[in-house]
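Structure, as structure tokens:
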Amino acid sequence: MKNISKLLSLALVLSLLFSCKKDSETTPSKSGKTAKFTITANGVNSTDDYVSFVIVGGDTKGTKTIWKVNGVTRNNEAAISLGKDDFTGSTKTYVIETVLPVDVISASAQCINFNASYQISYKAEIDGKVVTNDDGVTVDVNKDYTHQFDY
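For the sequence shown, UniProt numbering puts the final residue at 151, and the numbers step up evenly by one.
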């Protein structure tokens, strides 16, 4: 199950990166959009839980440095991936922001529980407006959190 989820996440990243085509020279260029994601996971158990958040962005120029995480620029990374190990230490909340406007943004989340429940929150802001706000979602053996978002 974990390998399938990792393969799906990788497929998402690759499909987004390779599906971006440059518009013809006659098409006016867009200025792009900015994004901010706030992700929190509390109560994650490193042996019993599966947590995966993948956020990918791109522009028509092929810029590689797209994101900063908790205020630190992630050089040469067009995708950010957070897993269960990122949430089992002292850091429970991650703020992921664009460092420049981008043309496409895709985010996927999959949170599965195999024992005791845990809580997650996922908020997406595009151009300063909240477009997704799933706050305090409980992930337990009967309810997973699996979503694909395109912004």
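Note that beta-carbon positions come from the ideal geometry of N, C-alpha and C, so glycine has one too.
Just so we're clear, the structure is a prediction, and the values are computed from it rather than from any experiment.
C-alpha gap between residue i and residue j, whole angstroms
| i | j | result |
| --- | --- | --- |
| alanine 107 | alanine 124 | 9 Å |
| valine 139 | tyrosine 118 | 5 Å |
| lysine 143 | glycine 136 | 13 Å |
| isoleucine 126 | aspartate 134 | 15 Å |
| alanine 35 | glycine 43 | 27 Å |
| tyrosine 122 | phenylalanine 37 | 7 Å |
| valine 104 | lysine 84 | 26 Å |
Alpha helix (DSSP H) segment containing residue i, residue limits
| i | result |
| --- | --- |
| phenylalanine 87 | 84-87 |
Three-state secondary structure assigned by DSSP to residue i
| i | result |
| --- | --- |
| tyrosine 122 | strand |
| phenylalanine 114 | coil |
| glutamate 77 | coil |
| serine 65 | Checking the displayed sequence, the identity of residue 65 turns out to be threonine instead of serine. In the structure shown, threonine 65 sits in coil (DSSP, three-state: anything other than H, G, I, E or B). |
| glutamate 25 | The predicted position of glutamate 25 is uncertain, since its pLDDT is 41 and thus under 50; no value can be drawn from it. |
| serine 31 | coil |
Endpoints, the beta strand (DSSP E) within which residue i is located
| i | result |
| --- | --- |
| residue 154 | In the structure as shown, the chain begins at 1 and stops at 151. Residue 154 is therefore absent and cannot be evaluated. |
| serine 52 | 49-58 |
| valine 139 | 129-139 |
| tyrosine 94 | 93-98 |
| threonine 40 | 35-42 |
Residues near residue i by beta carbon distance below 8 Å, same chain, minus five either side
| i | result |
| --- | --- |
| lysine 92 | Thr40, Ala41, Asn42 |
Residues near residue i in its chain [Cβ-Cβ closer than 6 Å; skip 5 each side]
| i | result |
| --- | --- |
| aspartate 150 | Ser106 |
Residues near residue i by beta carbon distance below 7 Å, same chain, minus five either side
| i | result |
| --- | --- |
| asparagine 75 | Thr65 |
| phenylalanine 87 | Ala41, Val44, Val51 |
| valine 99 | Thr65, Ile66, Trp67, Lys68, Thr73 |
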